[in-house]
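See below for the structure under consideration.
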Amino acid sequence: MDIKVGDIVTVRGQKQRVMQLNRYCITLSSSGIFNLNDFKRYVNTFKNDINIEHVTLPQLNIGDLVVVQPITMAEKSRYGLMWWPEMDEYIGRVWPVTHIRDTEFDGQIVTLGDGQDFQIYHLEKINDYDIV
Numbered sequence: 717m718d719i720k721v722g723d724i725v726t727v728r729g730q731k732q733r734v735m736q737l738n739r740y741c742i743t744l745s746s747s748g749i750f751n752l753n754d755f756k757r758y759v760n761t762f763k764n765d766i767n768i769e770h771v772t773l774p775q776l777n778i779g780d781l782v783v784v785q786p787i788t789m790a791e792k793s794r795y796g797l798m799w800w801p802e803m804d805e806y807i808g809r810v811w812p813v814t815h816i817r818d819t820e821f822d823g824q825i826v827t828l829g830d831g832q833d834f835q836i837y838h839l840e841k842i843n844d845y846d847i848v
């Protein structure tokens, strides 16, 4: 099973985002934390009830500009880095990427302009030609 942080898992009609993932467990935005082996067995057993949508994550470099896209309340409640109320102020605004790190559990994490960290699945890279 090929799955990563940011992918969308639909279980019996309910869409959920993969918020965290490592070799032992997986966290879904609505259902919470599962043992990864149990989750894989569930997926194999109930193949017709589960759909995995693989999202394309942005390929970011230090200095790139990104817009923070809104996320659901369910995603905020299980956000890998914890979602703090002040993070809402970043939504819809353009920020430079100042640091990038890969983590085992939360996927790739970037630090934006003034030091706030974000998971990358809801960041949209702004190309130079998009800026007027």
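717 is the number of the first residue of the sequence shown in the numbering used here; add one for each residue after it.
Ideal placement from N, C-alpha and C gives every residue a C-beta, glycine not left out.
Assuming residue 737 is part of the beta strand (DSSP E), what are its boundary residues?
Residues 730–737.
Starting from residue 752, trace the alpha helix (DSSP H) in both directions and tell me its first and last residue.
If you look at residue 752, you'll find it in the alpha helix (DSSP H) that goes 752–761.
State the start and end residues of the unbroken beta strand (DSSP E) segment that holds residue 849.
Outside the displayed range of the chain (717 to 848) lies residue 849, so it cannot be described from this structure.
Can you tell me where the alpha helix (DSSP H) with residue 791 in it begins and where it stops?
For residue 791, the enclosing alpha helix (DSSP H) covers residues 789–793.
Beta-bridge pairing of residue 832 - partner residues as DSSP gives them
Answer is 828, bridged to residue 832.
Is the separation between the beta-carbon of residue 769 and that of residue 842 shorter than 8 Å?
Not closer than 8 Å, so no.
Hey, residue 828 and residue 813: beta-carbon distance below 8 Å or not?
Yes.
Could you say which of 803, 820, 790 lies nearest to residue 783 if we only look at CA atoms?
For the residues 803, 820, 790, the minimum Cα distance to residue 783 belongs to 803.
Measuring alpha carbon to alpha carbon, tell me which residue in 751, 740, 728 is nearest residue 763.
For the set 751, 740, 728, the Cα lying nearest the Cα of residue 763 is the one of 728.
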